[in-house]
Amino acid sequence: MSANAAFNPFAVAQQEFDRIADLIGLDSGARQLLRNPVREYHFQIPVRMDDGKVQVFAGYRIQHNDARGPCKGGIRFHPQETVDTVRALSMWMTWKCAVTDLPLGGGKGGVICDPHNLSPREQEAICRGWVRQVFSNVGPVSDIPAPDVMTTSQHMLWMLDEYETMRGGHHPGMITGKPVGMGGSLGRTQATGYGVVYTLREALKELELAPADTTASVQGFGNVAQYAIELYHRLGGKVTCVSCWDQAAKESFCYVRESGVDLKELQGITDHFGGIDQAKAEAAGYKVLPGDEWLAQDVDILIPAALENQITAENVMRINDRVKVIAEGANGPTSPEADPVLAERGIFVIPDFLANAGGVTCSYFEQVQSNMNYYWELGEVLSKLDVKMTSAYYDVSDLARKHKVPMRDAAYMLAIDRVAMSCRDRGWI
Ligand code: NAD
């Protein structure tokens, strides 16, 4: 989703696909099939608003590919949602599930709406209306939605309740991102940030760097960033800079402490949107710098964990010569133009759809637990997550070494090849 009308995420997703399809010499049948979603549902959701008038919302569910298993992907509520955003996200979900070798395909959904301006009752009506429209096309064996931007575990529960009311019986594996105790999985909150650090830990091993000898700078201080910092600290690393958006100032800032930030102290002065209280941070002795300085810090590791399109052709040369690894926690933090420059500079990039796949991996665990109606302890979830992320990391890194390509290209090659092979095995192409 972008405020910039000229930016079409689906065109970008297709360009990336075409580039890798050329690289691996993908046959024409697979290209035609995988370049576009297999199925799209576009529908209207009429809602009687609190003022008594009816408002009609546009809703979508797009299934990019389900050759490897049921589709999986979030539902986004956003006023600037477009069908091409949903298409792009559904395609990325296919690659993300395939690179981690989950038995799932890719899907994504959305409703064009702004939850800021909707009462809880109106949001519930949208959730139930969304399910009524795609009832026959989603579910534990076909397509499993999850939360995304501006949707929460409450939205997921309303959707599940509507689905179970229509279908009869209990089907908690129909949707993930449910609250713990209502079919959710322990560990989901930590999963993405921890997953980033599981892959970072392996990259450091390959680069023969001891975590305790490294420092990192992190963009963002939300869910992904905070858990990534927690685990990286436990490995012995030192984070010297974090940045976040300041809602009052309407700009972002960096908070720097050369001796290392204190995670607990910062969490104590951070709101639930991941915004740090600047005055309190200054009082605690943090140096405050402009928001884009996280990138120029004298550190070994950068962890962008905030937004897309943050490392670009314009600023990529500002990255300090000392930086050896970038672990992409956010989705799409590096622009396609910046990527070759990072490669030339010898910076090792763990690409987003590998590094941040801990979230979807834990969602998959949630679905498995829901289908069994048997829920695992936290330790079991996290150790399974570590195994999955570590093996995905080595699948990609072995391929990157074999073909002498960057990690991002190797991740795409692996994912596209796996999906194409499943389509071939099924006799589709
Ligand atoms: P979040 O809303 O919890 O936190 C976002 C953080 O980014 C906040 O600290 C915010 O202040 C900061 N931020 C916003 N604009 C900024 C700016 N201009 N400069 C610096 N900081 C800024 O979000 P999250 O769940 O941690 O997600 C972060 C990224 O990770 C997103 O790209 C998201 O799509 C991706 N991601 C998240 C998950 C997940 O499970 N949460 C999974 C996969 C990918």
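Numbering (the working numbering), first residue to last: 1397 to 1825.
Every residue gets a Cβ at the ideal spot worked out from N, C-alpha and C, and that includes glycine.
Bear in mind that the values here come from a model prediction, so they are computed numbers and not experimental data.
The beta strand (DSSP E) enclosing residue i, as first and last residue numbers
{"i": "H1380", "result": "No answer is possible for residue 1380: it lies beyond the span of the chain, which begins at 1397 and ends at 1825."}
{"i": "P1686", "result": "1683-1686"}
{"i": "Q1451", "result": "1450-1461"}
{"i": "G1465", "result": "Premise fails: G1465 is in no beta strand (DSSP E) and is neither H nor E."}
Start-to-end residues for the alpha helix (DSSP H) that takes in residue i
{"i": "Y1790", "result": "1774-1799"}
{"i": "P1511", "result": "Here P1511 belongs to no alpha helix (DSSP H), and DSSP marks it neither H nor E."}
{"i": "I1812", "result": "1803-1821"}
{"i": "G1425", "result": "1424-1430"}
{"i": "I1522", "result": "1516-1530"}
{"i": "K1601", "result": "1584-1602"}
{"i": "T1757", "result": "1754-1768"}
{"i": "F1413", "result": "1405-1420"}
{"i": "K1660", "result": "1659-1663"}
{"i": "L1750", "result": "1748-1751"}
{"i": "R1483", "result": "1479-1495"}
Contact under 8 Å by Cβ, residue i with residue j
{"i": "L1596", "j": "I1625", "result": "no"}
{"i": "S1826", "j": "V1443", "result": "Residue 1826 cannot be examined here, being either before or after the span of the chain that is shown, 1397 to 1825."}
{"i": "S1793", "j": "M1803", "result": "yes"}
{"i": "R1464", "j": "V1815", "result": "yes"}
{"i": "D1380", "j": "G1503", "result": "Because residue 1380 is not part of the residues shown, which for the chain are 1397 to 1825, the question remains open."}
{"i": "I1589", "j": "A1608", "result": "Rather than Ile, the amino acid found at residue 1589 in this sequence is Gly. Against a cut-off of 8 Å, the Cβ pair of A1608 and G1589 comes out as no contact."}
{"i": "I1672", "j": "L1698", "result": "no"}
{"i": "M1445", "j": "E1558", "result": "no"}
{"i": "L1500", "j": "Y1760", "result": "yes"}
{"i": "S1731", "j": "G1687", "result": "no"}
{"i": "P1575", "j": "M1555", "result": "no"}
{"i": "K1468", "j": "C1509", "result": "no"}
{"i": "A1546", "j": "F1453", "result": "Before going on, a small fix: residue 1546 reads as Met here, not Ala. Taking 8 Å as the Cβ cut-off, M1546 and F1453 do not qualify as a contacting pair."}
{"i": "A1621", "j": "A1701", "result": "yes"}
{"i": "L1750", "j": "V1495", "result": "yes"}
{"i": "G1448", "j": "A1587", "result": "no"}
{"i": "V1756", "j": "L1498", "result": "yes"}
{"i": "N1716", "j": "A1692", "result": "yes"}
{"i": "V1408", "j": "H1438", "result": "no"}
{"i": "P1405", "j": "T1490", "result": "no"}
{"i": "D1694", "j": "R1714", "result": "no"}
{"i": "E1661", "j": "T1636", "result": "no"}
{"i": "C1758", "j": "G1583", "result": "yes"}
{"i": "V1534", "j": "I1522", "result": "no"}
{"i": "I1743", "j": "K1720", "result": "yes"}
{"i": "G1525", "j": "I1441", "result": "yes"}
{"i": "V1434", "j": "D1462", "result": "yes"}
{"i": "V1712", "j": "L1685", "result": "no"}
{"i": "N1619", "j": "T1585", "result": "yes"}
{"i": "Q1358", "j": "R1431", "result": "The structure shown does not extend to residue 1358, since the chain is modelled only from 1397 through 1825, so no value can be given for it."}
Whole-number beta carbon distance between residue j and residue i, since they are thought to touch under 8 Å
{"i": "W1824", "j": "L1429", "result": "7 Å"}
{"i": "P1729", "j": "D1748", "result": "7 Å"}
{"i": "V1592", "j": "N1752", "result": "6 Å"}
{"i": "Y1628", "j": "V1638", "result": "Not really, about 12 Å apart at Cβ, beyond 8 Å."}
{"i": "H1460", "j": "S1424", "result": "In fact, because the Cβ distance is near 19 Å, the residues do not count as touching under 8 Å."}
{"i": "P1536", "j": "N1769", "result": "The pair is not a contact, with the Cβ atoms about 12 Å apart (cut-off 8 Å)."}
{"i": "W1772", "j": "Q1765", "result": "6 Å"}
{"i": "P1805", "j": "I1416", "result": "A small correction: the amino acid at residue 1805 is Asp; Pro does not occupy that position in the sequence shown. Contact holds; Cβ gap of about 7 Å."}
{"i": "Q1706", "j": "F1669", "result": "Wrong, their Cβ atoms sit about 18 Å apart, outside the cutoff."}
{"i": "G1616", "j": "C1640", "result": "6 Å"}
{"i": "D1813", "j": "I1420", "result": "6 Å"}
Contact test: residue i Cβ vs the ligand FAD heavy atom, cutoff 7 Å
{"i": "T1548", "result": "The model depicted lacks the ligand FAD and carries the ligand NAD instead."}
Hey, which unbroken runs of the alpha helix (DSSP H) at 4 residues or more fall wholly within the segment 1540-1572?
-> Runs of the alpha helix (DSSP H) inside the segment 1540-1572: 1549-1563.
Unbroken stretches of the beta strand (DSSP E), 3 residues or longer, contained in the segment 1672-1743 = The segment 1672-1743 is shown to contain whole beta strand (DSSP E) runs of 3 or more residues at 1683-1686, 1697-1700, 1721-1723, in chain order.
What are the uninterrupted segments assigned as alpha helix (DSSP H) that are 4 or more residues long and contained completely in the segment 1609-1648, given in chain order?
-> Counting only runs of 4 or more, we get 1619-1630.
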